[in-house]
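Under our numbering, think of the first position of the sequence shown as 537, with each following residue one higher.
Before any comments, here is the structure.
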Amino acid sequence: KAMREAALKKTDNLMVNKEIKKYARRFRINVELAKLIYNISLDEGVDPDLIFKIIWTESRFKTDCIGKVGEIGLMQVRYNTALSIDPGATRKKLFDPAYNIRIGIKHLKDHLHFYRGDKKLALLAYNRGRGRVNELLFLGINPANGYAKKVLKSRM
Numbered sequence: 537k538a539m540r541e542a543a544l545k546k547t548d549n550l551m552v553n554k555e556i557k558k559y560a561r562r563f564r565i566n567v568e569l570a571k572l573i574y575n576i577s578l579d580e581g582v583d584p585d586l587i588f589k590i591i592w593t594e595s596r597f598k599t600d601c602i603g604k605v606g607e608i609g610l611m612q613v614r615y616n617t618a619l620s621i622d623p624g625a626t627r628k629k630l631f632d633p634a635y636n637i638r639i640g641i642k643h644l645k646d647h648l649h650f651y652r653g654d655k656k657l658a659l660l661a662y663n664r665g666r667g668r669v670n671e672l673l674f675l676g677i678n679p680a681n682g683y684a685k686k687v688l689k690s691r692m
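And the structure:
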């Protein structure tokens, strides 16, 4: 029985490694970064494919990326957003890939929960802010700005 379990675990590891290498090739990134994104996504209970697509859209996998309004790192997290998730957040920490990914995913998960799993609305809130999305919905205006479509279709 122990040998069978070891063989199954090895098979699982091989399948995971194959999946990680597939992401590395697809997005033209190193395997270590792909592994980091994949593992944190699973650890946080979010589909890795969605996270890879968000990172591609937000920063093209540039860890030192800074956005127009101060968004930082791979997932382009704003400092104030990070503080709302982790009171110990610093701008410096947001340049750390693992920290940035985890904070970005937690932020996305909050939107996914709020919008009851609706990926498009969660992505719009990630991009535009939940307040703006809710304001537009309240006014009967479609909050879509192309972001959700861009993320969901990226690197297909």
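The beta-carbon is built from N, C-alpha and C at its ideal position, and this holds for glycine as well.
Residue environment for Asn636: buried (at least 16 other C-beta atoms within 10 angstroms of its C-beta). The DSSP-derived three-state label of Ile677 is coil. Residue nearest to Ile677 within the set Glu568, Val669, Tyr683 is Val669 (criterion: CA-CA distance).
Contact between Val582 and Lys645 holds: CB atoms are separated by about 6 Å, below the 8 Å threshold.
Approximately 7 Å separates the beta-carbon atoms of His643 and Val613; this is inside 8 Å, confirming the contact. Per DSSP, the beta-bridge partners of Ile608 are Ile602, Val613.
Short of 6 Å from the beta carbon of Tyr615, and not among the five residues preceding or following it, lie these beta carbons of its own chain, in chain order: Arg627. Ranked by how close their Cα comes to the Cα of Gly667, the residues Ile576, Gly682, Tyr651 have Tyr651 in first place.
A check of alpha carbon separations from Ala634 across Leu675, Ile608, Asn663, Ala684 identifies Ile608 as the nearest.
Phe563 and Trp592 have their C-alpha atoms roughly 8 Å apart.
Boundaries of the alpha helix (DSSP H) harbouring Val687: 683-689, taken from the DSSP string.
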